[in-house]
Amino acid sequence: MKHLGCYTEPPVNAVDRQLFRASTVVTLGDGKRASFWQSAWLNGRAPMDIFPDLFKLAWRKNRSVKEELEHQSWTRGLWRMESVNEMANFITLWDLVQSVQLTEEPDTIRWKWTSHGDYSAKTAYNIQFAGSHSQFQGSTIWKAEAEGKHKFFAWLLVQSKLLTADNLSKRQWPCDPMCSLCSQEQETADHLILHCCFAKEVWHLMARWTQNLVKIPDMGSSVATWWQQELTGLPKKLRRTKAALLMYTAWNLWKERNQRIFEHNRAIATRVFQEIKAEILIRKLAVGGPVVPSDPC
Ligand SMILES: [Zn+2]
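Count along the sequence shown from 1, then add 194; that gives the number in the working numbering.
Here you go:
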């Protein structure tokens with residue numbers, strides 16, 4: 195059972211529980227009773243049964259749907275994922291979770307094999323494959339010289355799936371609509387990562403450090419066009435390096451945004467830039483890339 199981390203159920207009990215999950219359907223209400231990973235609330239199946247690889251990585255395996263949806267804390271341990279398969283599963287689960295709307299009613303549970311049983315193979319098929327046929331060409335992301343968490347973050351960013359204020363309010367989740375980096379404009383991914391005056395300071399430092407391999411983003415561009423334009427036409431090796439540099443920068447801007455909102459800590463742009471350099475250096479020491487053009491070492 196070692197590989198299951200803190201999941202310490204004895205096997206016989208685990209089998210019983212699996213049968214129980216397979217035989218019940220949980221309909222979410224307020225999300226307080228259903229377990230995020232272990233209840234069959236996702237179209238009649240439990241996330242741990244659909245995505246066992248992700249379940250292994252999850253830090254807390256017994257929290258309720260409501261607890262895990264707040265601040266997306268179900269994603270926490272999952273940043274450790276390494277394989278493309280794990281990431282594809284994560285993305286599928288992410289999409290499914292985004293469509294959840296909790297209500298005031300308590301969660302309900304019913305026995306699947308009695309009455310009309312609206313559980314069907316088609317539902318299972320839809321769950322397995324929902325979201326996995328995206329039109330988006332992700333190879334510039336998956337091949338970047340960066341870690342899994344950066345790649346996954348970039349994938350969310352480029353697909354407009356980051357939970358920025360505009361996306362949160364579309365889901366009627368309460369949040370501060372203003373950008374926490376500048377407090378002057380509404381928070382969207384385009385603003386936060388590309389056009390915010392704070393972000394621009396960081397991009398400026400990156401441009402100087404990389405001898406303009408990384409550039410200050412153009413006015414008005416969207417994240418998706420920016421990502422494509424910055425990487426089109428580059429030789430393969432340089433494209434992988436540059437994609438990584440863009441990711442590390444965007445990721446650290448997002449981290450700074452989260453620090454401000456959730457930890458009430460503020461860093462200045464130079465500090466964020468130092469963090470980016472430090473992260474890239476660690477990566478370089480570990481696996482040899484990305485190599486920044488101006489970097490003497
Ligand atoms: Zn801003």
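Think of the CB as a built atom: it goes at the ideal place given N, C-alpha and C, for glycine as much as any other residue.
Is DSSP giving residue i helix, strand or coil here?
{"i": "ILE387", "result": "helix"}
{"i": "VAL486", "result": "coil"}
{"i": "LEU236", "result": "strand"}
{"i": "SER267", "result": "helix"}
{"i": "SER416", "result": "coil"}
{"i": "SER277", "result": "coil"}
{"i": "GLY342", "result": "helix"}
{"i": "TRP448", "result": "helix"}
{"i": "ARG460", "result": "coil"}
{"i": "PRO411", "result": "coil"}
{"i": "SER333", "result": "helix"}
{"i": "GLY311", "result": "Because GLY311 sits at a pLDDT of 40, beneath the cut-off of 50, its placement in the model cannot be relied upon, and the following sentence gives the value as read from the coordinates. Three-state result, GLY311: coil."}
{"i": "SER293", "result": "coil"}
{"i": "ILE455", "result": "helix"}
{"i": "ALA393", "result": "helix"}
{"i": "ALA480", "result": "helix"}
{"i": "ASP247", "result": "helix"}
{"i": "LYS471", "result": "helix"}
I'd like to confirm something about residue i: is its beta-carbon nearer than 7 angstroms to some heavy atom of ligand 1, or not?
{"i": "PHE346", "result": "no"}
{"i": "GLU341", "result": "no"}
{"i": "HIS385", "result": "yes"}
{"i": "GLN378", "result": "yes"}
{"i": "GLN390", "result": "Just to set this straight, residue 390 is Cys in the shown sequence, not Gln. Yes, since a heavy atom of ligand 1 falls inside the 7 angstroms radius drawn around the Cβ of CYS390."}
{"i": "CYS373", "result": "yes"}
Which residues share a DSSP beta bridge with residue i?
{"i": "THR286", "result": "Answer is none; THR286 lacks a bridge partner."}
{"i": "GLN380", "result": "MET372"}
{"i": "SER258", "result": "SER229"}
Give me the Cβ distance between residue i and residue j, rounded to the nearest whole Å; I'm assuming they're in contact under 8 angstroms.
{"i": "LYS226", "j": "LYS250", "result": "With a Cβ gap of about 25 angstroms, LYS226 and LYS250 do not count as contacting."}
{"i": "ALA151", "j": "GLU450", "result": "As shown, the chain starts at 195 and ends at 491. That puts residue 151 outside it, with no answer to give."}
{"i": "GLN380", "j": "ALA359", "result": "7 angstroms"}
{"i": "MET400", "j": "ILE476", "result": "Not quite, the Cβ-Cβ distance comes to about 17 angstroms (not below 8 angstroms), so this is no contact."}
{"i": "ASP224", "j": "THR297", "result": "6 angstroms"}
{"i": "TRP336", "j": "LYS343", "result": "No, TRP336 and LYS343 are not in contact; Cβ-Cβ is about 13 angstroms, not under 8 angstroms."}
{"i": "SER267", "j": "ALA228", "result": "Between ALA228 and SER267 the Cβ distance is about 15 angstroms, and since that is not below 8 angstroms, they are no contact."}
{"i": "THR404", "j": "VAL486", "result": "5 angstroms"}
{"i": "LEU263", "j": "LEU248", "result": "Not a contact, Cβ separation roughly 16 angstroms."}
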